[in-house]
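Protein chains: 2
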Amino acid sequence: MPPILAPLCAVFRRYLKSASLRYTGERADVLATVMEADGLFDADSLLMDMHNAGKEVSKATVYRTLRLLQDAGIVTPFMLLDAKVTHYQLVYGRDPCDYMVCVQTGELVPLQCDEVVMLRERLALEHGWTTVGHRFVIYGTSPQAASAASRDLSSQ
Amino acid sequence: MPPILAPLCAVFRRYLKSASLRYTGERADVLATVMEADGLFDADSLLMDMHNAGKEVSKATVYRTLRLLQDAGIVTPFMLLDAKVTHYQLVYGRDPCDYMVCVQTGELVPLQCDEVVMLRERLALEHGWTTVGHRFVIYGTSPQAASAASRDLSSQ
DNA sequence: GTCGGTGCAAATGCTTTGCATTGAT
DNA sequence: ATCAATGCAAAGCATTTGCACCGAC
């Protein structure tokens, strides 16, 4: 069990208590699966992961719990280019939350880059804002996709 | 008429021709309204803008044309935090495409910052990727929202 | 025991699509 | 004249919600 698991669970329980909501087995299961999803997922993949782990929860509960996790500041919604469904990202206690996405293969590379946060803070300060987060996604072509494309070309 | 109008229209026509598609009055109206929307909009607001300008187009055509504009590289879809609908952003020939969004008021501030592009290119290069674009959004609280909040507190 | 939670199925609402008609080339 | 575009209404589909039963506190 990674060391982050206990604190995150505590954060969620604290939030639920503050809102007079209950910490149920289903909510615990969803949170645990979110943490194992390693950052980025959608409602459906989460539901499948839970099913594969033998944790059966209804779709409605997944959506309801994702909303709570969002309110608790644990995840944020996230829309990939061309995706039709909302993706979620685990943000609490996590750096980085930046990604590079391949527009051809869908490949996703997390980026570790403090400069994004620094840039964000500097820009916000210049306008007198205070920040609560940011989203930085680079769209591009991965080396694999590029070489696959050139293979396709030369084989014609 | 801003100087960008003619070129953008030409870009669209070129794209349509290359795909054996037709440049119709409806598509011209949609593009013109997109350009006047000054960057960020959704399908519904676009439809209203067109109605207010006396340009009647069906909702289906708006969606279909937005898809074409996306394929032509003129706009990209864009999901604001908590928004339920897809927003679109005019990207062709436009810098900046970065924003700061107030999570309380929805206020939107476009950011002019070359460093984002530089950072993007450097990160992509480090991984051997080539980029086609990026998305950078800062979520925060604007000075107005912050002062409104403190007023609310002191009046209680 | 009291509310809040859950699952189910139905509803919602954005977006897409089938089809007959219209229009650009 | 051809073949794509349009408008309309219906369909799709992710997400939300109403309700009866269940479970955390």
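Note that the protein sequences, when read in sequence, are chains A and B.
If you use the working numbering, the first sequence corresponds to residues -18 to 137, in order.
If you use the working numbering, the second sequence corresponds to residues -18 to 137, in order.
Backbone N, C-alpha and C fix where the C-beta goes; we use that ideal spot for every residue, glycine too.
Bear in mind the structure is a predicted one, so any value in this text is a computation, not a measurement.
Separation of Leu71 of chain B from Leu(-11) of chain A, as counted between CA atoms: 39 angstroms
Beta carbon proximity, Arg116 of chain A to chain B, threshold 8 angstroms: yes
Cross-strand partners of Asp79 of chain A (DSSP beta bridge): A:Leu92
Under 7 angstroms by beta carbon: chain A residues contacting Ile119 of chain B: Arg101, Leu104, Ala105, Thr112, His115
Glu17 of chain A at chain B interface by Cβ criterion, 8 angstroms: no
Within 8 angstroms, strictly: CB atoms of Thr57 of chain B and Asp23 of chain B: no
Arg45 of chain B: CB within 7 angstroms of a non-hydrogen atom of the ligand MG: You won't find the ligand MG in this model; it holds no ligand whatsoever.
Residue range of the unbroken alpha helix (DSSP H) whose run includes Arg45 of chain A: 40 to 52
Cβ of Pro124 of chain A within 8 angstroms of any chain B Cβ: yes
Helix, strand or coil at Gly6 of chain B according to DSSP, with G and I counted as helix: helix
Rounded separation between Val43 of chain B and Tyr120 of chain B - CA only: 29 angstroms
Residues sharing a beta bridge with Phe117 of chain B, DSSP: A:Phe117
Exposure of Ser39 of chain A, with buried meaning 16 or more beta-carbon neighbours within 10 Å: exposed
Backbone CA spacing between Ala0 of chain A and Arg8 of chain A [nearest angstrom]: 15 angstroms
Assigned exposure category for Arg(-5) of chain B - 16 Cβ within 10 Å defines buried: exposed
Within chain A, partners of Val90 of chain B - CB distance below 7 angstroms: His108
Residue-level contact to chain A via CB, Ala127 of chain B, 8 angstroms cutoff: yes
Neighbourhood of Val84 of chain A by C-beta, 6 angstroms cutoff - its chain only, sequence neighbours within 5 removed: Tyr120
Backbone secondary structure at Val(-8) of chain A - three-state DSSP: helix
Expected contact under 8 angstroms - CB spacing of His115 of chain B and Val118 of chain A to nearest Å: 6 angstroms
Same chain, Cβ closer than 8 angstroms to Gly54 of chain A, neighbours up to 5 away in sequence not counted: Val(-8), Tyr(-4), Val72, Tyr73
Length of the line joining the Cα atoms of Leu106 of chain B and Ser123 of chain A: 10 angstroms
Val113 of chain B versus A:Leu28, A:Ser128, A:Tyr4, A:Met81, residue with shortest Cα-Cα distance: A:Met81
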